[in-house]
Every structure is written in structure tokens, then in C-alpha cells.
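Asker: Each number in our numbering corresponds to the 1-based position in the sequence shown with 9 added. Where a beta carbon is used, it is the ideal one built from N, C-alpha and C, also for glycine. Handing you this structure, nothing more for now.
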Amino acid sequence: MFADLCIDGVFVPGLLAVALVALALSMIASRLLADLGGYRWFAYRPLVGLSLFVILAELLIRLMPLIEK
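This is the structure we're talking about:
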């Protein structure tokens, strides 16, 4: 699993850091979809946002061993 991050003596779980990065990336992707008109293909916009977050979080978790080396 992920090691804890130490920020000024405060331990932050590694999964929380991954979730925050995934949240930022999903917000950027959601803004891009809105600007390009990609949401017109989907029936329920909040479900697409949640799906983007889950997919990006999983990708970051899978790519983490490559980044740590």
C-alpha cells in the first residue's frame, strides 16, 4: 500500500494524496468536457464526474509503483 506522507510533522495517508490529485485531474477533465461540449452525449452529468474521479484514482494507484522507482 502507500506510505504515509509527513508534512511538517503531520502524517497524511498516501491514499488521501492520491485522491486529492485524482480530484484535481477530474475537475480539469470535467471542465474540458464542458468546454468542448462532450457532456451532451451523457444523460447524467454528476455520474460522469464521479466516474472520471474513480477512473483517474485507479489509474494513479496502478501507476504509483512506476512513479516511486
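What residues are listed by DSSP as bridge partners for F20?
Answerer: Position 11 of the sequence shown, counted from the first residue, corresponds to residue 20. Bridge partners of F20: C15.
Asker: Return the CA-CA distance between A31 and R49, expressed in angstroms with no decimal places.
Answerer: To locate residue 31, count along the sequence shown from 1; it is residue 22. To locate residue 49, count along the sequence shown from 1; it is residue 40. Between A31 and R49, the C-alpha separation is close to 23 Å.
Asker: Are there 16 or more other CB atoms within 10 angstroms of the CB of L56, so buried, or fewer, so exposed?
Answerer: Mapped onto the sequence shown, residue 56 falls at position 47. Under this definition L56 is an exposed residue.
Asker: Would you mind sorting V21 into buried or exposed? The rule is 16 or more other CB atoms within 10 Å of its CB.
Answerer: On the sequence shown, residue 21 is found 12 positions in, with the first residue counted as 1. Answer is exposed; the Cβ neighbour count stays below 16.
Asker: Considering only C-alpha positions, which residue in the set C15, A26, V19 and G18 is nearest to L69?
Answerer: Here residue 69 refers to the residue found at position 60 when the sequence shown is read from its first residue. It is A26.
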